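With the UniProt record's numbering as the guide, the letters of the sequence shown map in order to residues 1 to 253.
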Amino acid sequence: MNLYAIRAIYQFELARTWRTLMQSIAAPVISTSLYFVVFGAAIGSRMVEVNGVSYGAFIVPGLIMMALMTESISNASFGIFMPKYAGTIYEVLSAPISYVEIVIGYVGAAATKSIILGVLILATARLFVSFEIAHPFWMITFLILTAVTFSLFGFIIGIWATGFEKLQIIPMLIVTPLAFLGGSFYSISMLPSVWQKIALVNPVVYLISGFRWSFYGVSDVSVVVSMVMTLVFLSLCLFAVWYIFKTGYRLKV
1 MNLYAIRAIY
11 QFELARTWRT
21 LMQSIAAPVI
31 STSLYFVVFG
41 AAIGSRMVEV
51 NGVSYGAFIV
61 PGLIMMALMT
71 ESISNASFGI
81 FMPKYAGTIY
91 EVLSAPISYV
101 EIVIGYVGAA
111 ATKSIILGVL
121 ILATARLFVS
131 FEIAHPFWMI
141 TFLILTAVTF
151 SLFGFIIGIW
161 ATGFEKLQII
171 PMLIVTPLAF
181 LGGSFYSISM
191 LPSVWQKIAL
201 VNPVVYLISG
211 FRWSFYGVSD
221 VSVVVSMVMT
231 LVFLSLCLFA
241 VWYIFKTGYR
251 LKV
């Protein structure tokens, strides 16, 4: 294992974040804060509690998870696509580094940035609503697993994309709608029985439900099922990355 190469990629990607703080950190935090203002204050003041939790506090895990998923995909896909687009990926490929080490470097950096963002949004939420974290260990576990899973997913998108427009297709047309329909702003128990069954087809429901359980001890589905599904998603992404490189795919436009 070439730890020096992994560290070089990891540090380079993190350094890019500090150079673009407004875009990488400030913009997502401000956008999520606006959700707290609109949904937590304006709408939340007119809604009753959801599963015994005030509405403003109820949406905190959903908003963090939604930002975590979208930013993980964006960080990882952009991180690997830009070297392809600029042609600097050949410098990486000519170095004594394996594909496994490339994945660890890029995905590790993307996941780290997303986790930092998630923690900042969590701290920002304190300015708007009061909440407690019932199971901090499991909250951190879900946070890390989700960041790594969607960073791997973003890495796959970055490899597949041949232009900037392709980087946005899946996040905008699939991931964001699934996040909105996955219980970010409501409990699926509030839906009619037919739509509750349909909602369980949405994989994001399990991620948000498990993460919300770690805060308040309430969830739409069993926390065991949520953890199993999270690990299944992670395994599928790992298998997809392995298959891409196993079939001889090359990192080039």
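Positions of the beta carbon are idealized from the N, C-alpha and C atoms, including for glycine. None of the values given here were measured: they were computed from a predicted structure.
Here V53 carries a strand assignment [DSSP, helix/strand/coil]. For F153 against I73, the beta-carbon gap comes to about 6 angstroms, under 8 angstroms, which counts as contact. The three-state reading of DSSP puts S94 in coil, since its state is none of H, G, I, E or B. Here G87 carries a coil assignment [DSSP, helix/strand/coil]. A direct Cα-to-Cα measurement between I25 and S31 gives close to 10 angstroms. In this model, A86 and E71 are separated by some 22 angstroms (Cα to Cα). Straight-line spacing of the CA atoms in T146 and L234 works out to 8 angstroms. Put simply, the backbone Cα of S114 is about 35 angstroms away from that of S193.
Distance check between D220 and each of I104, P203, L236 and P136 places P203 closest, using alpha-carbon atoms only. Contact between the stretch 203-217 and the stretch 181-191 is present: three or more C-beta pairs spanning the two stretches fall below 8 angstroms. Between V53 and T124, the gap from beta carbon to beta carbon reaches 7 angstroms or more.
By the Cβ test, the stretch 51-70 is in contact with the stretch 171-179, since at least three Cβ pairs between them sit closer than 8 angstroms. Secondary structure of F58 (DSSP, three-state): helix. DSSP, reduced to helix, strand and coil, places M1 outside both helices and strands of the structure shown, so it counts as coil. If you draw a 10 Å sphere on the C-beta of F215, you find 16 or more other C-beta atoms in it, and that means buried. Distance between I104 and S77, taken at the CA atoms: about 14 angstroms. The beta-carbon distance between F155 and I89, rounded to whole angstroms, is 13 angstroms. This is too long to meet the 8 angstroms contact definition.
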